[in-house]
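Only one structure is covered here, and it is reproduced in the block below.
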Amino acid sequence: LLAWIFVCEKEVISVNFREFPSNRMAEGTEKTVADEIVVTKYKTAGEIVNRTLKALLELCVEGASVKELCDKGDKLITEETGKVYKKEKELKKGIAFPTCLSVNNCVCHFSPIKSEPDYILKDDDIVKIDLGAHIDGFIAVVAFTTIVGASPEKPATGRKADAVLAAYWASEAALRLLKAGNGNYKITEGVQKVSDEFKCKPIEGMLSHQLKQFKIDGEKTIIQNPNDAQKKEHEKCEFEVHEVYAMDVLISTGEGVGKEQDTKVSIFKKTDENYQLKMKTSRAFLSEVKSKFGTMPFNLRHFEEETKARMGVVECVSHKVIEPFQVLYERPTEFVAQFKHTVLVLSNGVTLVTGLDFPEEQYKSEYSVTDAEMKELLSHAVNKSGKKKKKEGSCRGKGTRDASKHRFCAKCVT
């Protein structure tokens, strides 16, 4: 999750609101991945997210509408989460982060509503897809970068390829450093070291957050490319068994500074702040947010009456009841790439529940990872959910020769 939020200086007045039902947990009963049922829910959400990402990647072609692809992603997540845990009527599930497609120098959170301008993909555009789903509040998020038209026969080159490869390898390094006992600044340093190899820079001040049930922005964070002020303010921490993280890496060919432009914010999230809103439209908007989304991020596109939602969100944001996810940009001549994975820190190591295989053959760069420490780190594998290695000599045929029913190992066939 990216840590760029709107800050308002107005005083907040407290008032009690009813909590989102599924976010209510008794003290001391926090659910973690120590429970196999929780692990299963993370993995189920991860499978849905990966399938949605794969479908969107196939649709990222010249002439495709970003607005339509964002809408498609959200619909797929809603449909797929609706197919699981159907017997548990009170269980909350659905979108954990609205689908975003941020192109070229756009850093993050581009997901236009119906009334805002669209963007049509062009050949050679660098596209970052970012989305998330949850099952019972257990969140799986993912981000992946592709270049429109790139293929093994026509690989992307130049600074766009540099950005993608830098982000990919920096992300791979981060995943190997995210383990129990390590400190968060080990990852900060690793991401910086890899991006330097490609003459790129991590986007300044971006945070990867710990994930908890119904909480996408947990207390522990990993910062990338902090400035001096951020170094002083950002807390150091150590990763522990049974924690979950959204490991997010964003790399730029430029100075690594994301700035707001004229693009209107479309993604928001309810905060823990309370305020007695004055406008009827604002109160109705907040009530709908609580009932439909709880603490999960949402897009104004998800409201039937978009105009009223745009009116209602203004007062909510000004009093910090709702926080926006700003759309940020690098300089127009630069390019930004992103990779994000959901990582479970388990007693036997870490497991990735989101992320797809990276087509490295589609990118050619004059740079590579040459640092001996990083090369050694990257030589180790990371456990990916659903990709268990088969034991040598294992056979599903169990000695039978009925090839229509079973797969055989070499020994069984002979």
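In terms of my numbering, the sequence shown opens at residue 343 and continues consecutively. Built from N, CA and C at the ideal position, the CB exists for glycine as well.
Note to self: Just to confirm, is the Cβ distance from residue 545 to residue 502 under 7 Å?
What the structure shows: no
Margin query: Taking 8 Å as the limit between beta carbons, can you name the residues of its chain near residue 445, skipping five residues before and five after?
Written below: 408, 452, 461, 463, 467, 468, 469 and 470
Margin query: On a Cα-Cα basis, can you pick out the residue from 653, 547 and 611 that is closest to residue 621?
Written below: 653
Next item on the list: Can you check DSSP and say which residues form a bridge with residue 640?
Entry: 610
Note to self: Please classify residue 415 as buried or exposed, where buried requires at least 16 neighbouring CB atoms within 10 angstroms.
What the structure shows: buried
Next item on the list: Over the uninterrupted alpha helix (DSSP H) stretch that includes residue 434, give me the two end residues.
Entry: In the DSSP assignment, residue 434 falls outside any alpha helix (DSSP H) and carries neither an H nor an E.
Next item on the list: Specify, as a first and last residue, the run of the alpha helix (DSSP H) that residue 506 falls within.
Entry: 500-519
Check: Anyone know if the C-beta pair for residue 590 and residue 550 falls short of 7 Å?
Finding: yes
Check: Where does residue 412 sit, in a helix, a strand or coil, going by DSSP?
Finding: helix
Note to self: Please classify residue 693 as buried or exposed, where buried requires at least 16 neighbouring CB atoms within 10 angstroms.
What the structure shows: buried
Margin query: Looking at residue 598: is its Cβ nearer than 7 Å to the Cβ of residue 567?
Written below: yes
Check: Would you say residue 595 and residue 676 are within 7 Å of each other, going by their C-beta atoms?
Finding: Yes.
Item checked: Contiguous alpha helix (DSSP H) assignments of at least 4 residues, all confined to the stretch 447-476 -> none
Note to self: Alpha carbons only, please: which of 571, 719 and 697 is nearest the one belonging to residue 395?
What the structure shows: 697
Item checked: CA-to-CA distance, residue 569 to residue 575, given in whole angstroms -> 10 Å
Note to self: Quick check on the DSSP output: the alpha helix (DSSP H) that includes residue 538 runs from which residue to which?
What the structure shows: Unbroken alpha helix (DSSP H) run through residue 538: 526-539.
Next item on the list: Could you tell me whether the Cβ atoms of residue 707 and residue 507 are closer together than 7 Å?
Entry: yes
Notebook entry, point to check: Alpha carbon to alpha carbon, what distance is there between residue 385 and residue 554?
Noted result: 14 Å
Checklist line | Classification of residue 526 by the beta-carbon crowding that lies within 10 angstroms, buried from 16 upward | finding: buried
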